[in-house]
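Read through the structure below, which is laid out as structure tokens, and then see the notes.
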Amino acid sequence: NHFSTLSEYCKGITIPPPKWEDFDYRSFEDNMVSVRHKMEPFKHEFYAIALKISGGGKAKLGNYQTTEEEVSVFFNSPYQILSWDIPPDWKGYYVIFTEDFYRGRISMPSAPRTSSRITDRFPFLLVDNTLPILLDEKQVALFSKIFQDIEQEFVLASPSSKEVIAYYVHILLIKISRLHQRQPQELTAGLTQRAKDVALVNRFKSLLEISFHPGKAYTTASPHQVQYYAEKLSLHPSHFNAIVKRITDIPVSEHIQEHIFSLAKSQLVNTTASVKEIAFGLYYPYANHFTSFFKKRAQMTPSQYRKQLKP
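Everything in the sequence shown is counted per our numbering, starting at -6 for the first residue and increasing by one.
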């Protein structure tokens, strides 16, 4: 499974939907009521920071796993492989958030607020083989207090709460970074390559969004083709596809088709444009090509989909 939104993630692990689509706070105790206690390997597109105070079983994140009963702080980043098999006895807290939640609210040294990325300051988030960091009693109290402060703001949900929470998250990351620097140096192997690969996937996703903005003109290339994005990113199509699939488990062509399908469904439900107009707006040279594509994915024609779902 691959979860692109927090709503999909919460539904996938069978917990209540998030209050916000770019940030969520949970306690493990609350989750234990309904969460799936065994999750096969999956990926999502978010950052998460967790404080595990107690709990049995095992949770695997990237190339490492939590250990039974030990108090620890652990984290994961977009596209890491996750899985777990745990009893309903976990205690602790976690936050999960998008890049955009953090970006734009926190300024990085010597970097404009709009361009700084979370991994610019905290590259340890990109490492697949960083071990959970064991905590002593004082550290548990310190981290617990930060999570509790986040919870208060999350419940309050005032106009400034997201900004306040973003700074609490920033404090968490700084404190984890200090602890992470004490980890054995050999555990950071592979950081540079993974950072480049994740950055490439993010560039591709941004390019995919932009390429389907209305009013574009395409003559020799098509935003429907893998080669188009590979050329934009100065990569051979096969190498480009291998990187994207390694990070996301999904080939480039599927990312493209899923994006087109999502745009098509939205326009069918939320606009009065004809099927032909939507097809041309999605850069299909012929409307019947669009209809065939849509029918293959939705098991119904665009007109049938609109009739079924439009209010």
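Yeah, the Cβ is synthetic: ideal placement off N, Cα and C, and Gly gets one too. It should be emphasised that the depicted structure is a prediction, and the values quoted were computed from it without experimental measurement.
Its Cα nearest to that of A188, the residue Q73 stands out among H(-5), N263, Q73. Residue environment analysis places V26 among the exposed positions, since fewer than 16 neighbouring C-beta atoms fall within 10 angstroms of its C-beta. For I42, same chain residues with a beta-carbon under 6 Å away, outside a window of 5 residues either side, are F68, V88, L165 in chain order. Listed in chain order, the beta strand (DSSP E) elements of length 3 or more contained wholly in the segment 47 to 78 are 51 to 54, 65 to 69, 75 to 78. Taking D242 as the centre and dropping the five residues before and after it, the same chain places the C-beta of H(-5), K36 closer than 7 Å to its C-beta, in chain order.
Look at the segment 85 to 167 and you find no whole run of beta strand (DSSP E) that is 3 residues long or longer. Counted as a single uninterrupted DSSP element, the alpha helix (DSSP H) harbouring P295 occupies residues 295 to 302. With respect to the 9 Å criterion, A210 and Y221 are not classified as neighbours on the basis of their beta carbons. Distance from the CA of P244 to the CA of L54, rounded to the nearest whole angstrom, comes to 22 Å.
Cβ-Cβ separation between R96 and R110: approximately 6 Å, consistent with a contact (criterion under 8 Å).
For L44, the beta-bridge partners assigned by DSSP are V66, Y86. Fewer than three Cβ pairs drawn from the segment 200 to 209 and the segment 126 to 134 lie within less than 8 Å of each other, which leaves the two stretches out of contact. The beta carbon of T112 lies closer than 7 Å to those of L118, L119, A188 in the same chain, with the five residues before and after it left out.
If you draw a straight line from the Cα of R19 to the Cα of Q250, it is about 33 Å long.
Taking the Cβ atoms as the reference, K31 lies roughly 5 Å from D78, within the contact range of under 8 Å.
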